[in-house]
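Enquirer: Chains as they are written, first to last, in the numbering used here: chain A, 1452 to 1622; chain B, 1452 to 1622.
Number of protein chains: 2
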Amino acid sequence: MNNYEILRIGHRPERDKRITTHVALTARAFGASKIFLSNPDSRVINSVEDVVNKFGGNFKIIPTENPKKVVKSSSSLIVHLTMFGLPLDDILDDIKSSEQDILFIVGAEKVPPWVFESADYNVAVGNQPHSEVAALAVALNSISPISYNTKFDGKISVVPSATHRVMHEED
Amino acid sequence: MNNYEILRIGHRPERDKRITTHVALTARAFGASKIFLSNPDSRVINSVEDVVNKFGGNFKIIPTENPKKVVKSSSSLIVHLTMFGLPLDDILDDIKSSEQDILFIVGAEKVPPWVFESADYNVAVGNQPHSEVAALAVALNSISPISYNTKFDGKISVVPSATHRVMHEED
């Protein structure tokens, strides 16, 4: 099975704290193994590690001061998610037929030119402004065969219910 | 074609400003017609209206003090997106075969019991904690035939590119 990693660039601690947390939790829930976070932010790291401790899995959040180096030293297919890219539907078959692992890059507001230049694919989940959380969720869901049905082994798990909130907690 | 609306409940202005903005922009980009926002927040409204003014369409953001009334007076199928619900994949066919419009409810952290009770379906996009932005994007993408390929008529549009940022702006 392919391995999926995320690089979150341009994180601005005050402004992006919760969006970056949602990016990371979506990455984990949809089967990615790790996220590199430029501009470390202990609150984001704590929130994500708290979910991993309770709900399981091996998802890692890795601070980096040098996102360009993460890209240059990666042997994965580099897929930059951007509203300026080519339609996901047009290049989905190419990406899915690759046997490489994938490093997804998701930026905050304005991404530096080197990101476009380093990417194997600049991919748009629609060409409208919306959300890097939505773009990552749809991209992972379109590419990964398991996606949001990834299984975890946590102390806490949800018991799916048609009517109310049910959790199972190990003693 | 079905009409899709969103009800965002439990919005906390300080904490949720950017997440709620992403929920609204995702709703618009994926073809929904409007979002009801409990606890009005002028910064969210301004951000969303700014995107509509530039990028087009008729998406509306409607403040409400009474989200329960929005649900009770709606004739749409009520689909509450929650990590505690039944798997999306198990009830997708039921939802898609309905000819009703759909009102999606997306909450912030903890949702009151009446939401579970009022919903025709409590639906989980995976039973892991992740993001209401991701859940809404995947649900709309699974249900709507057009989804993120919805066309808009704005003054500004993106020219899809494999390599860089290109915008078209009307004179």
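Even for Gly, the Cβ is constructed at its ideal location relative to N, Cα and C.
1. Can you check DSSP and say which residues form a bridge with A1575 (chain B)?
2. How close, in whole Å, do the beta carbons of L1458 (chain A) and P1518 (chain A) come, if the pair is a contact with beta carbons under 8 Å?
3. If we call anything under 8 Å between Cβ atoms a contact, is G1558 (chain B) one with V1566 (chain B)?
4. How many angstroms separate the CA atom of S1569 (chain B) from the CA atom of I1513 (chain B)?
5. My output table needs one value for I1460 (chain A): the three-state DSSP class, helix, strand or coil.
6. Looking only at its own chain, which residues have a Cβ that is under 6 Å from the Cβ of H1531 (chain B), when we skip the five neighbours before and after it?
7. Taking L1476 (chain B) as the query, report the chain A residues whose CB atoms sit under 7 Å from its CB, ordered along the chain.
8. Could you pull the start and end residues of the alpha helix (DSSP H) that F1567 (chain B) belongs to?
9. Quick one: residues in its chain with C-beta nearer than 8 Å to the C-beta of V1502 (chain B), no 5 flanking neighbours on either side, listed in chain order?
10. Three-state secondary structure (DSSP) at E1620 (chain B)?
11. Within the same chain, show all residues whose beta-carbon is closer than 8 Å to that of K1523 (chain B), passing over the 5 residues directly before and after it, in chain order.
12. Thinking C-beta only, is E1456 (chain A) closer than 8 Å to A1483 (chain A)?
13. Give the secondary structure of H1531 (chain B) by DSSP, where H, G and I count as helix, E and B as strand, and everything else as coil.
14. Taking the alpha-carbon positions, what's the L1591 (chain B) to R1494 (chain A) distance?
Expert: Let's see:
1. Your numbering for residue 1575 (chain B) matches position 124 in the second sequence. A1575 (chain B) is bridged to B:P1538.
2. Position 7 of the first sequence, counted from the first residue, corresponds to residue 1458 (chain A). Position 67 of the first sequence, counted from the first residue, corresponds to residue 1518 (chain A). Their Cβ separation, rounded to whole angstroms, is 6 Å, which keeps L1458 (chain A) and P1518 (chain A) in contact under 8 Å.
3. Sequence index remark: in the second sequence, residue 1558 (chain B) carries index 107 (1-based). Sequence index remark: in the second sequence, residue 1566 (chain B) carries index 115 (1-based). A contact, by the Cβ cut-off of 8 Å.
4. As a working mapping, residue 1569 (chain B) is identified with position 118 in the second sequence. As a working mapping, residue 1513 (chain B) is identified with position 62 in the second sequence. Using only the alpha carbons, I get a separation of about 20 Å.
5. Indexing the first sequence from 1 puts residue 1460 (chain A) at position 9. In the structure shown, I1460 (chain A) falls within a strand segment according to DSSP collapsed to helix, strand and coil.
6. Taking the second sequence and counting its residues from 1, the one referred to as residue 1531 (chain B) is at position 80. Within the same chain, H1531 (chain B) has close Cβ partners I1556, V1566, A1570 and N1573.
7. Translated into positions along the second sequence, residue 1476 (chain B) becomes position 25. Simply P1580, H1581 and S1582.
8. What you label residue 1567 (chain B) is simply residue 116 of the second sequence in a count that begins at 1. Run containing F1567 (chain B): P1564 to S1569, per the alpha helix (DSSP H) assignment.
9. Taking the second sequence and counting its residues from 1, the one referred to as residue 1502 (chain B) is at position 51. Excluding sequence neighbours, V1502 (chain B) sits near L1476 and R1479.
10. Indexing the second sequence from 1 puts residue 1620 (chain B) at position 169. Reduced to three states, the DSSP call for E1620 (chain B) is strand.
11. The sequence position of residue 1523 (chain B) within the second sequence is 72, counting from 1. Excluding residues within five positions, the ones whose Cβ falls inside 8 Å are S1569.
12. Within the first sequence, residue 1483 (chain A) is the residue found at index 32, counting from 1. Within the first sequence, residue 1456 (chain A) is the residue found at index 5, counting from 1. In this structure, E1456 (chain A) lies closer than 8 Å to A1483 (chain A) by Cβ.
13. Within the second sequence, numbered from 1, the residue matching residue 1531 (chain B) stands at position 80. If DSSP states are grouped into helix, strand and coil, H1531 (chain B) belongs with the strands.
14. In the second sequence, counting from the first residue as 1, residue 1591 (chain B) sits at position 140. In the first sequence, counting from the first residue as 1, residue 1494 (chain A) sits at position 43. Distance between the alpha carbons of L1591 (chain B) and R1494 (chain A): 30 Å.
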